[in-house]
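Down below is the structure, laid out as structure tokens.
2 protein chains.
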Amino acid sequence: MSLKSLAESMGLSKTTVSRALAGYQDVAPETRERVRLAANKINYRPNPIAQRLTKGATDTVAIVVPSTLQRRYEPLFVDLAASIGSRLAEDEMDLILTSSRPGEPELAVYQRLVDGRRADAVIVVRLRVNDDRVAYLKANKLPFICFGRTDDIAGVAYVDGDGFGGFQAATRHLVSLGHRRFAFLGGPDGTFSSGNRKGGYCSALNESGLSFGPMLEARSDERSGAEMARAALGSKPTALVCATDRIAFGALTAVRDAGLVPGVDVSVIGHDNLPITAYTDPPLSTMELDLADVGIRMAEATLALIAGANPEDHRSIVKVTPIWRASVGPPPA
Amino acid sequence: MSLKSLAESMGLSKTTVSRALAGYQDVAPETRERVRLAANKINYRPNPIAQRLTKGATDTVAIVVPSTLQRRYEPLFVDLAASIGSRLAEDEMDLILTSSRPGEPELAVYQRLVDGRRADAVIVVRLRVNDDRVAYLKANKLPFICFGRTDDIAGVAYVDGDGFGGFQAATRHLVSLGHRRFAFLGGPDGTFSSGNRKGGYCSALNESGLSFGPMLEARSDERSGAEMARAALGSKPTALVCATDRIAFGALTAVRDAGLVPGVDVSVIGHDNLPITAYTDPPLSTMELDLADVGIRMAEATLALIAGANPEDHRSIVKVTPIWRASVGPPPA
DNA sequence: AGCTCGTCTCAAACCGGTTTGGATTCAATG
DNA sequence: CATTGAATCCAAACCGGTTTGAGACGAGCT
Numbered sequence: 001m002s003l004k005s006l007a008e009s010m011g012l013s014k015t016t017v018s019r020a021l022a023g024y025q026d027v028a029p030e031t032r033e034r035v036r037l038a039a040n041k042i043n044y045r046p047n048p049i050a051q052r053l054t055k056g057a058t059d060t061v062a063i064v065v066p067s068t069l070q071r072r073y074e075p076l077f078v079d080l081a082a083s084i085g086s087r088l089a090e091d092e093m094d095l096i097l098t099s100s101r102p103g104e105p106e107l108a109v110y111q112r113l114v115d116g117r118r119a120d121a122v123i124v125v126r127l128r129v130n131d132d133r134v135a136y137l138k139a140n141k142l143p144f145i146c147f148g149r150t151d152d153i154a155g156v157a158y159v160d161g162d163g164f165g166g167f168q169a170a171t172r173h174l175v176s177l178g179h180r181r182f183a184f185l186g187g188p189d190g191t192f193s194s195g196n197r198k199g200g201y202c203s204a205l206n207e208s209g210l211s212f213g214p215m216l217e218a219r220s221d222e223r224s225g226a227e228m229a230r231a232a233l234g235s236k237p238t239a240l241v242c243a244t245d246r247i248a249f250g251a252l253t254a255v256r257d258a259g260l261v262p263g264v265d266v267s268v269i270g271h272d273n274l275p276i277t278a279y280t281d282p283p284l285s286t287m288e289l290d291l292a293d294v295g296i297r298m299a300e301a302t303l304a305l306i307a308g309a310n311p312e313d314h315r316s317i318v319k320v321t322p323i324w325r326a327s328v329g330p331p332p333a
Numbered sequence: 001m002s003l004k005s006l007a008e009s010m011g012l013s014k015t016t017v018s019r020a021l022a023g024y025q026d027v028a029p030e031t032r033e034r035v036r037l038a039a040n041k042i043n044y045r046p047n048p049i050a051q052r053l054t055k056g057a058t059d060t061v062a063i064v065v066p067s068t069l070q071r072r073y074e075p076l077f078v079d080l081a082a083s084i085g086s087r088l089a090e091d092e093m094d095l096i097l098t099s100s101r102p103g104e105p106e107l108a109v110y111q112r113l114v115d116g117r118r119a120d121a122v123i124v125v126r127l128r129v130n131d132d133r134v135a136y137l138k139a140n141k142l143p144f145i146c147f148g149r150t151d152d153i154a155g156v157a158y159v160d161g162d163g164f165g166g167f168q169a170a171t172r173h174l175v176s177l178g179h180r181r182f183a184f185l186g187g188p189d190g191t192f193s194s195g196n197r198k199g200g201y202c203s204a205l206n207e208s209g210l211s212f213g214p215m216l217e218a219r220s221d222e223r224s225g226a227e228m229a230r231a232a233l234g235s236k237p238t239a240l241v242c243a244t245d246r247i248a249f250g251a252l253t254a255v256r257d258a259g260l261v262p263g264v265d266v267s268v269i270g271h272d273n274l275p276i277t278a279y280t281d282p283p284l285s286t287m288e289l290d291l292a293d294v295g296i297r298m299a300e301a302t303l304a305l306i307a308g309a310n311p312e313d314h315r316s317i318v319k320v321t322p323i324w325r326a327s328v329g330p331p332p333a
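Protein chains in written order, with my numbering: chain H, 1 to 333; chain A, 1 to 333.
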């Protein structure tokens with residue numbers, strides 16, 4: 001079971017057995033092979049805890065579930081986490097999932113991670129424009145990587161979807177279909193992604209000389225989507241560009257409630273390509289970001305950071321692809 | 001930083017400092033207090049890895065993301081995991097998220113956990129009637145707890161939603177509304193939860209002397225829900241009882257595609273109370289299971305198991321509450 | 001004074017690995 | 001034959017804690 005007992009049973013020292021298994025050259029090839037066979041036979045695996053103690057590392061990366069006051073519901077979070085985790089596992093690293101206790105501020109989780117020395121690096125999601133978590137981690141020199149960007153990106157590594165490009169392309173397409181009156185329904189004010197998506201939206205309207213129309217911001221759930229849509233419909237837009245699918249779901253409801261037909265009277269597009277988008281009435285246009293790809297990139301960047309890489313060398317922007325469905329059509333005549 | 005340096009800086013031995021912080025009585029009260037203050041001042045935290053090494057435990061619980069060949073999308077998984085994790089954190093335990101690598105059988109993940117000695121206990125979700133993971137964990141004596149039940153529950157601990165009770169109550173209600181022709185759209189054949197829900201459905205129909213109607217089983221996603229509904233509509237049911245919300249979403253689409261009005265011509269009910277259910281057209285009736293509660297129960301059971309408790313003493317069934325919305329109404333005249 | 005007992009403290013061993021710095025053996029070299 | 005050096009192997013130290021077993025000291029008792 002233990003290195004010691006294995007060594008004793010072979011009449012060798014712990015040192016030799018350890019080095020044999022690690023493949024060092026200063027062990028006779030014949031001995032190396034003998035040790036390997038014996039280790040294999042009893043299915044020996046070095047105790048990871050002991051290895052970590054000597055290495056002085058935890059071989060662990062933490063990902064923090066964003067806390068929301070309400071229900072946490074983050075449908076795509078697992079996809080991302082699972083992808084990160086399975087890439088990390090290839091390097092014998094564990095991914096731990098941490099979340100704030102009820103009522104506890106989110107930053108407290110990061111504090112626990114820092115001074116409990118429970119992880120070699122942290123993954124931060126749902127970035128805000130001005131993010132205290134980023135500042136805290138930077139100050140405490142714990143390597144971290146963001147899913148999403150933030151305002152002060154000096155010295156930070158990130159992987160992000162190209163929200164700007166996605167929303168720009170989508171909005172251009174709506175313009176080309178003939179839409180002239182738009183509204184943007186965004187996520188929470190401070191989140192970077194929502195601002196970024198809004199940027200792409202504005203940019204496309206700008207180049208066509210069209211006015212931005214109402215640009216609202218609230219929570220990124222269905223309820224808030226419905227409320228924003230209700231407010232926006234006052235200015236008779238023919239297209240609602242929504243920062244997330246959940247907002248778009250709410251918008252669909254509001255459009256119907258106003259006696260209008262989504263996809264005919266008012267076009268709606270979201271972002272995330274949740275599986276259900278293909279099954280709403282009408283099916284929702286949306287944008288897709290390959291989270292498996294994002295996860296792998298994040299995991300690899302994390303490994304590099306732990307190895308001492310410069311965070312600024314580990315940034316990437318992943319393409320966002322619009323998916324057109326019946327919730328978008330030409331504006332009514 | 002380390003116990004040793006703290007001890008030296010105070011002119012005490014490691015032993016005394018360690019015992020003082022642990023609150024042993026054989027340290028002079030005055031010394032104990034002095035040590036506590038000094039430790040506090042430099043914000044000392046014992047290195048968890050070192051503690052684990054002596055304790056011979058990993059202080060870690062693993063939860064395995066169920067692998068599906070397709071996209072993993074498990075919208076409520078995070079809610080459960082976050083709840084488990086935050087309860088475990090209160091006892092200084094970490095929750096690690098593991099998932100199979102692409103193409104790897106799910107059981108391999110459990111094997112890695114067992115012989116890599118990376119966790120003190122495992123959480124198993126998405127139980128199958130006949131579950132090789134359960135058998136494997138039992139055989140290898142790694143404590144585990146299931147979210148859901150399985151066929152051979154001897155020696156296993158579980159927390160599960162009362163799918164039987166929920167579907168029974170819901171079906172009774174449909175009967176009382178006047179429905180007489182039903183269909184059940186289930187999840188994958190081998191999953192316990194789907195079978196259990198079907199059981200509740202059958203039981204309610206049985207007691208009213210009604211026939212079960214078509215009972216289908218396939219994947220629990222929207223697409224498969226649509227296909228099953230299409231097939232079931234052949235026998236002109238007035239109510240579709242669906243094992244999950246995602247199946248129900250697909251069913252709503254199929255009903256509309258057949259030129260029928262959901263909630264008027266055909267009632268539909270799902271299970272999970274995904275946030276979007278309140279925003280479909282019509283809003284979807286569903287059933288709710290309090291996952292925060294489930295998570296806490298599971299975490300506490302896990303802690304007990306690790307402490308050596310008998311698994312069979314740690315089983316609970318959590319209430320499932322139907323939520324009635326416009327997708328359910330009386331049958332057409 | 002000699003003994004016992006309680007109180008407080010600490011050196012050393014241990015957990016299970018890795019790494020350092022020899023030690024031993026033997027063949028090749030001068 | 002003495003030296004050098006390569007090839008092997010290993011004892012001991014280390015990572016940072018916890019626990020065991022014992023020692024030092026003073027008070028209380030005979």
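Every residue, glycine too, gets a C-beta built ideally from N, C-alpha and C. Keep in mind it's a predicted model, so treat the numbers as computed, not measured.
I need the DSSP call for Q70 of chain H, collapsed to helix, strand or coil. Position 70 of the first sequence, counted from the start, is the residue given in the question as residue 70 of chain H. Low confidence applies here, because Q70 of chain H scores a pLDDT of 44, under 50, leaving its location unreliable and the question unanswered by this model.
Who are the neighbours of F184 of chain A on chain H, taking C-beta pairs under 7 Å? Taking the second sequence and counting its residues from 1, the one referred to as residue 184 of chain A is at position 184. Within 7 Å Cβ-Cβ: nothing; F184 of chain A doesn't reach chain H, min ~20 Å.
Beta-carbon within less than 8 Å of L216 of chain H's beta-carbon, same chain only, minus the 5 sequence neighbours each way: which residues are those? By 1-based counting over the first sequence, the position of residue 216 of chain H is 216. Same-chain partners within the cutoff: A183, F184, L185, G186, M228, A231, A232.
Sufficient close CB pairs (3 or more, under 8 Å) joining the region 256-266 of chain H to the region 188-206 of chain H: no
Measure the CB-CB distance between S18 of chain H and L3 of chain H and report whether it falls below 8 Å. Position 18 of the first sequence, counted from the first residue, corresponds to residue 18 of chain H. Position 3 of the first sequence, counted from the first residue, corresponds to residue 3 of chain H. Yes, they are a contact pair.
Can the beta-carbon of G166 of chain H be found less than 8 Å from the beta-carbon of V129 of chain H? Locating residue 166 of chain H in the first sequence gives position 166, counting from the first residue. Locating residue 129 of chain H in the first sequence gives position 129, counting from the first residue. Against a cut-off of 8 Å, the Cβ pair of V129 of chain H and G166 of chain H comes out as no contact.
Assumed close pair G259 of chain H, S193 of chain H - CB separation to whole angstroms, cut-off 8 Å: For the purposes of this step, residue 259 of chain H is identified with residue 259 of the first sequence, where counting begins at 1. For the purposes of this step, residue 193 of chain H is identified with residue 193 of the first sequence, where counting begins at 1. 32 Å between Cβ atoms; not a contact.
Does any residue of chain A bring its CB to less than 8 Å from the CB of G250 of chain H? As a working note, residue 250 of chain H is residue 250 in the first sequence. Answer yes: the Cβ-Cβ gap between G250 of chain H and chain A drops below 8 Å somewhere.
Should F212 of chain H be labelled buried (16 or more other beta-carbon atoms within 10 Å of its own) or exposed? The residue given as residue 212 of chain H occupies position 212 in the first sequence. It counts as exposed.
Interface flag, L69 of chain A vs chain H, CB-CB below 8 Å: For the purposes of this step, residue 69 of chain A is identified with residue 69 of the second sequence, where counting begins at 1. Residue placement at L69 of chain A cannot be trusted, given a pLDDT of 46 that sits under 50; the coordinates are not used to answer.
Mapping the DSSP letters down to three states, classify Y158 of chain A as helix, strand or coil. Position 158 of the second sequence, counting from 1, holds the residue named residue 158 of chain A. It is a strand residue.
Using a 10 Å radius around the Cβ and a threshold of 16 neighbouring Cβ atoms, would you call T54 of chain A buried or exposed? Translated into the one-based positions of the second sequence, residue 54 of chain A becomes position 54. When all chains shown are included, T54 of chain A counts as exposed.
Distance between R181 of chain H and G392 of chain H (C-alpha atoms, nearest Å): Only positions 1 to 333 of chain H appear in the structure, and residue 392 of chain H is not among them; the question remains open.
Look up G166 of chain A in the DSSP assignment and say whether it is helix, strand or coil. Within the second sequence, numbered from 1, the residue matching residue 166 of chain A stands at position 166. In the structure shown, G166 of chain A sits in a helix (DSSP, three-state: H, G or I).
If we define contact as Cβ-Cβ less than 8 Å, is L289 of chain H a contact residue for chain A? By one-based count along the first sequence, residue 289 of chain H stands at place 289. Chain A contact via Cβ: absent.
State the Cα-Cα distance for the pair D162 of chain A and Y110 of chain H, rounded to the nearest angstrom. Position 162 of the second sequence holds residue 162 of chain A. Position 110 of the first sequence holds residue 110 of chain H. For D162 of chain A and Y110 of chain H, the distance between alpha carbons rounds to 36 Å.
Which residues in the same chain have their Cβ closer than 8 Å to the Cβ of S235 of chain H, if we skip the five residues on either side of it in sequence? Residue numbering aside, residue 235 of chain H sits at position 235 when the first sequence is read from its first letter. Closer than 8 Å at the Cβ level, and outside the excluded window around S235 of chain H, lie R181, A183, G213, P214.
At what residues does the beta strand (DSSP E) containing P322 of chain H begin and finish? As a working mapping, residue 322 of chain H is identified with position 322 in the first sequence. Counting along the chain, the beta strand (DSSP E) containing P322 of chain H begins and ends at 320-323.
How long is the line joining the alpha carbons of I323 of chain H and V156 of chain A, rounded to whole angstroms? By 1-based counting over the first sequence, the position of residue 323 of chain H is 323. By 1-based counting over the second sequence, the position of residue 156 of chain A is 156. About 45 Å.
Taking 8 Å as the threshold (beta carbon to beta carbon), is S5 of chain H in contact with chain A? Looking up residue 5 of chain H in the first sequence gives position 5. Not an interface residue.
Do the CB positions of S267 of chain A and G250 of chain A come within less than 8 Å of each other? On the second sequence, residue 267 of chain A is found 267 positions in, with the first residue counted as 1. On the second sequence, residue 250 of chain A is found 250 positions in, with the first residue counted as 1. Not a contact, by the Cβ cut-off of 8 Å.
What's the gap between the Cα of R133 of chain A and the Cα of L107 of chain A? Within the second sequence, numbered from 1, the residue matching residue 133 of chain A stands at position 133. Within the second sequence, numbered from 1, the residue matching residue 107 of chain A stands at position 107. When rounded, the distance between both Cα atoms is 6 Å.
Using alpha carbons as the reference points, say which of A:A82, A:Y279, A:D115, A:R45 lies closest to V114 of chain H. Start at 1 with the first residue of the first sequence, and residue 114 of chain H comes out as number 114. The option with the nearest alpha carbon to V114 of chain H is A:R45.
Of the choices H:D160, H:P188, H:E90, H:E104, whose alpha-carbon is the least far from that of S99 of chain A? Counted from its first residue, the second sequence places residue 99 of chain A at position 99. Among H:D160, H:P188, H:E90, H:E104, the Cα nearest to that of S99 of chain A belongs to H:E90.
For Q25 of chain A, does the count of other Cβ atoms within 10 angstroms reach 16, so buried, or fall short, so exposed? Numbered from 1 along the second sequence, position 25 holds the residue referred to as residue 25 of chain A. Exposed.
For chain H, find out if any of its Cβ atoms is closer than 8 Å to the Cβ of V122 of chain A; answer yes or no. Taking the first residue of the second sequence as position 1, residue 122 of chain A is located at position 122. Not an interface residue.
Taking I84 of chain A and I63 of chain A to be in contact with their CB atoms under 8 Å, please state how far apart those CB atoms are, rounded to whole angstroms. To locate residue 84 of chain A, count along the second sequence from 1; it is residue 84. To locate residue 63 of chain A, count along the second sequence from 1; it is residue 63. With 8 Å as the limit, I84 of chain A and I63 of chain A qualify as a contact, their Cβ atoms being about 7 Å apart.
Thinking C-alpha only, which one of H:R101, H:R112, H:S5, H:H271 is nearest A168 of chain H? Start at 1 with the first residue of the first sequence, and residue 168 of chain H comes out as number 168. The amino acid occupying residue 168 of chain H in the given sequence is Gln; Ala does not appear at that position. Closest by alpha carbon: H:H271.
Under 7 Å from the C-beta of V65 of chain H: neighbouring residues of chain A: Translated into the one-based positions of the first sequence, residue 65 of chain H becomes position 65. Simply V78, A82.
So which residues on chain H does T244 of chain A lean against when the C-beta distance must stay under 9 Å? Counting from one through the second sequence, the residue named residue 244 of chain A turns up at place 244. The contacting residues do not exist; T244 of chain A stays about 12 Å from chain H at best.
Grab the span of the beta strand (DSSP E) containing A121 of chain A for me, first residue to last. Within the second sequence, residue 121 of chain A is the residue found at index 121, counting from 1. From DSSP, the beta strand (DSSP E) with A121 of chain A extends over 121-125.
Would you mind listing the beta strand (DSSP E) stretches within the region 252-286 of chain A that are 3+ residues and don't spill past its ends, in chain order? 267-269
Just to confirm, is the Cβ distance from A121 of chain H to L142 of chain H under 8 Å? As a position in the first sequence, residue 121 of chain H is number 121, starting the count at 1. As a position in the first sequence, residue 142 of chain H is number 142, starting the count at 1. Against a cut-off of 8 Å, the Cβ pair of L142 of chain H and A121 of chain H comes out as a contact.
Terminal residues of the continuous beta strand (DSSP E) containing S18 of chain A? As a working mapping, residue 18 of chain A is identified with position 18 in the second sequence. First-last for S18 of chain A: 14-22, but that is the alpha helix (DSSP H), not the beta strand (DSSP E).
My output table needs one value for E288 of chain A: the three-state DSSP class, helix, strand or coil. Position 288 of the second sequence, counted from the start, is the residue given in the question as residue 288 of chain A. Here E288 of chain A sits in strand by DSSP.
Could you check what DSSP says for T60 of chain H in three-state terms: helix, strand or coil? Taking the first sequence and counting its residues from 1, one reaches residue 60 of chain H at position 60. Strand at T60 of chain H.
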